[in-house]
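Each residue of the sequence shown is one higher than the last, beginning at 86 in this note's numbering. For every residue, glycine included, the Cβ atom is placed at its ideal position computed from N, Cα and C. Report on the structure given below.
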Amino acid sequence: MIPRSILVIGISGSLAQKTVGLLLEKYPNATIRGIDARPLPPGFGPNERLQMERIPYRRNSFERLFRDHRFDLVLNLGRFSHSQGHTPKDMARKLEFSVIGSRRILDLSLKSGVKKAVTLSTFHVYGALPDNPTSISEEMPLRASLKYPDLRHVVDMDNVVAKWMWRHQNAMDSVVLRPCNIVGPSIRNTISRYLTHPKAPYPMDFNPMMQFIHEHDMANVVAGASELLPTGIYNVAPPGGVIGLRQALKAMGNEGLPIPFFLAAWPLRLLQWPRLRVPGYLIDYLIYSCLIDSSLLHRHLPKDFFRYSVEKALQGLREASTKKRL
């Protein structure tokens, strides 16, 4: 499906902006409308093919949006980070948008004749648990919320969207993406802050394996989903994108702070100073491996689709961090 009119939800995010740039290049006849509840990115659009609007993520806002405009493709890239509050009110707000809002977006998309919807989830929904299999496929249960309340809104959203997708698969195409750690020059997520921190703690007697994808490759997956990916759930990781945590820190030029494994959880939780801001759930992802199997995705992509190795992805993050310090 070649889209002519595209809605991007979460336009203020770095990944969304990267995706929009690729979409404008990939589909020269398409127009894009980007929305976000956050302040809109300065110096990015608008132009004759890209319009942006700051709107609250509420029911009447989405209803007005779909009433006033017609879209072929909807990309729901809106995400709440862990740093956006942990109070009951904050968690209720996250659940409202992530679960109810995502379902509402899909319902309105179906009603208004949207041909395809793409929803961004995360590999965190599987949970970092000591009994994880060596490689986690899309069929594995989502166990993160059993241990990490901070991830409940993401797990619930993923489950709701997946059930909706299969229920309406004959009426509208939809895709759920569960990417591994996204890194790159413009991404400012938790794992990036961790990797660039000079005192990033890590287990000294255990070297968990991790996966990273460069922001350009991830944006390319999102941008190409309309044509390349049929309805379904896809783990997203580049081929060979696995590296040990110690090697990842070394690639960043970061010595880190080694801590004995049996003591790791306690001191890691004490090291949540403002600059690092490691959420409770991420600590287990730095101790237990949570590797996803992305073979289903690779069946639908060209062999030369991914441009960045894990080393080059980390190098891009390192160079951006160095420039920022200078």
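* Sequence-distant residues of its chain with Cβ nearer than 7 Å to V321 (five each side left out) -> L262, R263, P264, C265, I298, M303, V306, S379, L382
* Asked: Going by alpha carbons, who is nearest to N114 out of T104, M250, S394, R134?
  -> R134
* To do: On a CA-only basis, which of E312, N145, P343, L150 is nearest G119? Give me that one, please.
  => L150
* Just grab the DSSP bridge partners of G317 for me. => V260
* Own chain residues within Cβ distance below 6 Å of P131, not counting five before or after -> M137
* Buried/exposed call for G170, threshold 16 Cβ in 10 Å -> Low local confidence applies: a pLDDT of 48 at G170 is under 50, so the model's placement there is unreliable, with the coordinate-based value given in what follows. Under this definition G170 is an exposed residue.
* Asked: So, V245 versus A398, is the Cβ gap smaller than 7 Å?
  -> Not in contact: V245 and A398 (Cβ atoms no closer than 7 Å).
* To do: Counting only the same chain and skipping the five closest in sequence on each side, list residues whose C-beta sits under 6 Å from that of M257.
  => L195
* Taking DSSP as the reference, what is the three-state secondary structure of K408? -> helix
* Asked: Candidates A336, D389, Q332, G338: which alpha carbon is nearest F291's?
  -> Q332
* Asked: Which residue's Cα is closest to the Cα of R273: Y366, D157, S97?
  -> S97
* Q400 versus V240 - alpha carbon distance -> 31 Å
* To do: Decide if N255 is buried, meaning its Cβ has at least 16 other Cβ atoms within 10 Å, or exposed.
  => exposed
* Asked: Do the region 140 to 158 and the region 205 to 223 touch if we need at least three Cβ pairs shorter than 8 Å?
  -> no
* Which whole runs of the alpha helix (DSSP H) in the region 93 to 121 are 4 residues long or more, in chain order? -> Uninterrupted alpha helix (DSSP H) stretches at least 4 residues long and entirely within the region 93 to 121 occur at 99 to 111, given in chain order.
* Asked: If we ignore side chains and look at the alpha-carbon of each, how far apart do I140 and F147 end up?
  -> 9 Å
* Asked: Can we count V239 as close to the ligand COA, meaning its CB is less than 6 Å from some heavy atom?
  -> Ligands displayed in this structure: none; no statement on the ligand COA is therefore possible.
* Would you report the Cα separation of L330 and Y370, rounded to the nearest angstrom? -> Roughly 10 Å between the two C-alpha positions.
* Asked: Closest to Y373 by CA distance: which of S197, V184, S259, Q296 is it?
  -> Q296
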